[in-house]
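Each residue of the sequence shown is one higher than the one before, starting from 1 at the first, in mature numbering (1 follows the signal peptide of the UniProt record, and there is no 0). We treat Cβ as the ideally placed atom computed from N, Cα and C, and that holds for glycine.
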Amino acid sequence: EDGSQLWLRFPNVKNGISTDKIISKGKNPTLDIAKKELTTYWQGQAVELRTEKSLKNLKDGYTIISGLDKIIISSAKETGLLYGVYHILRLQQTQSDLTHLNITEKPSYDVRILNHWDNLDGSIERGYAGHSLWKWEDLPGTISPRYEAYARANASIGINAVVLNNVNASPNMLKNEYLIKVKALADIFRPYGIKVYLSVNFSSPKVIGGLENSDPLNKKVQEWWKQKTNEIYKIIPDFGGFLVKANSEGQPGPQDYGRTHADGANMMADVLKPHGGIVMWRAFVYSASPEDRAKQAYLEFLPLDGKFRDNVIIQIKNGPIDFQPREPFNPLFGALKKTSEMVEFQITQEYLGFSNHLVFLGPLFKETLDSDTYAYGKGSTVSKVTDGTLRPAKLTAISAVANIGDETNWTGNHFAQANWYAFGRLAWNHQLGSDQIAGEWIKMTFTDDKNFVNPVKEMMLSSRETAVDYMMPLGLHHIFAFDHHYGPEPWGNIPGGRPDWMPVYYHKADENGLGFNRTQTGSNAVAQYFPPLNETYGNIETCPENLILWFHHVPWKYTMKDGKSLWDELCYTYDKGVKNVREYQKTWDRMEPYVDAERFHHVQSRLKIQSKDAVWWKDACLLYFQTYSKMPIPYDIERPVHELEDLKKIKLDMKHHN
Ligand code: BDP
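In structure tokens, the structure reads:
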């Protein structure tokens, strides 16, 4: 049991139904897959697969109705029928009632896309599950069977798009020799309803095209992109479009030539337009300026609202800093009124213990999607701002940075598979609850025995909050070790280094207190939020305590809602995080009778690491912050087992490769 089957295991099924029990007109590679899944795994009554033009408004959604002697799945698209088949297989696998089905499913977003941060040399930026799945050297001649397995897994949860390469993009990606390799992947993914997109380097015209510059207003540059795009579509007729990281963390962009993000994005949008392609232009921009990093994307993009072509979508990280275990939602959501916006989540656990820590991200994704921006009055959640509800959008999308590599179990940790699953399910239907998603996943991946499902689900559902507790409670953020972002380094302050890359910039600990003052008396980042949030966040009395150190510099002796001082609250929260991980260890050990030995031991060993890491975080942060608070760690809390000076010496060999 190596985990390679993901959630797609149908353990009780010997054989599916015979082909004559599948009623469907027409032939098509996607339908063939749907039928094959049924004949291999479906044990119920006959199934009819109907393409119905009248269901166009469901997009690639579908209906499922159980009739007297058959189940009828209908969709305007073959992909919808395939999704419908995975739906009934999921119901079968989770032991659901199949007799009275009357289901209508319409996806929340048109484009449900994974972003792979994979490099052409096989390494993965922030990847913790081995090397890249894409074997560029072997393509297009040799086709790994995992390409199709990957496509199938995505289709089973409704993911319909993929960016193959790192946002820190190599210009070589656009060379013909690579496009031919991309085509081979696109051909495998197509029948599963998946379109391929590429990250592009803004300097490509200069670097691989030999032009003098890559200025978006230079006619030759525009012509180069036009020709390149035509070439791509000749090779891959249903190519999706470009993802662009420009003028961010050293990447080239239009500002190198005094142009705006809109100039850059529109140049690409214009050449993609005739082919139906789109540009996903990232808002992850900040520079080493005195301005609060949390404010910069908003300041940069707000003046450009309305200047983007209609096939440009601004891709915005869920929070204003960088995929921290908890952030408030990014204030750009809802602020751009005339520009399409999409969320970018991070499934790979860059700031969440890599593939060592068990952290179920459903609750994190939901927290952002359900956040009320108040952009159009109460109820203007991030999901409604991005899914076309509050303003008509030509195309809606949602993305996440993948956690997938070439390790046998795909994601490095068996439980990290749940985060891939959760993203797909929420991209399809952002109304689903974390509870339901976790439940489905557990039953499909392990067993439906409630002695297993209930405790494991409880562990998963609390795991994100637990990670926040032992890493960065109360709105602390970015106190991770430099560069690799694995362990704690709250003391991090490299002389001469970029201030906004240093933990001390974010926590601002001093004799008076802790936290970043983003109120009117500080950076005033709160002003980027719509009323009443600017007030709620801006007032220390009303600011949610789980974000209090994000928005306020709080005195050590400040009285929290439960009557404790800030310092004590901090201590108890770190301690709670540690205790919870210990509980997870106990929970998991009790699960031994229900799990195969291989997965049991794998997860068990990871929990040991997580448990030690939680103590490491607690000791490092409390001992360090104590040098400022000068207050004792409450005596009923487990004492530190490390010396601060020893912790400061830890150097991990975990450099990431840019
Ligand atoms: C940060 C990562 C960095 C990425 C960057 C990005 O540390 O490796 O390149 O985000 O999203 O989270 O562009």
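Distance between T368 and F354, taken at the CA atoms: about 21 Å.
Note on the region 399-470: whole alpha helix (DSSP H) runs with a minimum of 4 residues are 417-428 and 434-445, in chain order. Taking the C-beta atoms as reference points, G515 is found nearer than 8 Å to L549. It is roughly 47 Å from the alpha-carbon of K175 to the alpha-carbon of N546. Separation of the CB atoms of Q251 and W281 is rounded to 12 Å, and the pair is thereby denied contact status at 8 Å. Within the region 81-158, the runs of beta strand (DSSP E) at least 3 residues long that lie entirely inside it are, in chain order, 102-105 and 111-115. Just so you know, the alpha carbons of I404 and Q520 end up roughly 42 Å apart. Spatial neighbours of W224 in its own chain (CB-CB distance under 7 Å, excluding positions within 5 residues in sequence) are listed in chain order as P205, G209 and L211.
In this structure, V312 has its beta carbon at no less than 7 Å from each heavy atom of the ligand BDP.
When secondary structure is reduced to three states using DSSP, V641 falls in the coil class, being assigned neither helix nor strand. Residue pairing by DSSP places F242 opposite L198 and V279 in a beta bridge.
In this structure, the ligand BDP has no non-hydrogen atom nearer than 7 Å to the beta-carbon of E489.
Within the DSSP bridge table, the entry for D372 names T381 as partners. Between N429 and Q95, the alpha-carbon positions lie close to 21 Å from each other.
Judged by DSSP secondary structure, E598 falls within the alpha helix (DSSP H) whose first and last residues are A597 to S629. Here the alpha carbon of Y486 sits roughly 12 Å from the alpha carbon of P325. When the Cα atoms are used, Y529 and L304 turn out to be separated by approximately 18 Å.
Ranked by how close their Cα comes to the Cα of D510, the residues G496, W491 and R498 have W491 in first place. No Cβ-Cβ contact shorter than 8 Å links L55 with S24.
Three or more beta-carbon pairs separated by less than 8 Å link the region 134-143 to the region 180-190, which places the two stretches in contact.
Across the structure, G563 and G522 are spaced so that their CA atoms are roughly 26 Å apart. Under the DSSP assignment, L566 falls in the alpha helix (DSSP H) whose first and last residues are L566 to R590. Annotation for K317: no alpha helix (DSSP H) segment contains it, though the beta strand (DSSP E) segment containing it runs V312 to K317. In terms of Cα proximity to G253, the closest of G276, I232, L217 and K234 is L217. In this structure, DSSP gives F345 an extended state, which the three-state scheme calls strand. In the displayed model, A294 falls within a helix according to three-state DSSP. In this structure, W117 sits near G127, with a CB-CB distance shorter than 8 Å. The region 631-640 makes no contact with the region 375-386; the number of CB pairs closer than 8 Å stays below 3. Comparing C-alpha distances from N201 to each of V244, R582, D238 and K219 shows the shortest one belongs to V244.
The count of Cβ pairs closer than 8 Å, one atom from the region 644-654 and one from the region 444-459, stays below three, leaving the stretches out of contact. Looking at the backbone, the Cα of L49 and that of R391 are separated by about 34 Å. Within the model, the alpha-carbon separation for E535 versus T373 is close to 13 Å. Ranked by how close their Cα comes to the Cα of F480, the residues M472, P473, L474 and E489 have E489 in first place.
The three-state reading of DSSP puts F480 in strand, counting E and B together. Boundaries of the alpha helix (DSSP H) around L38: P29 to Y41.
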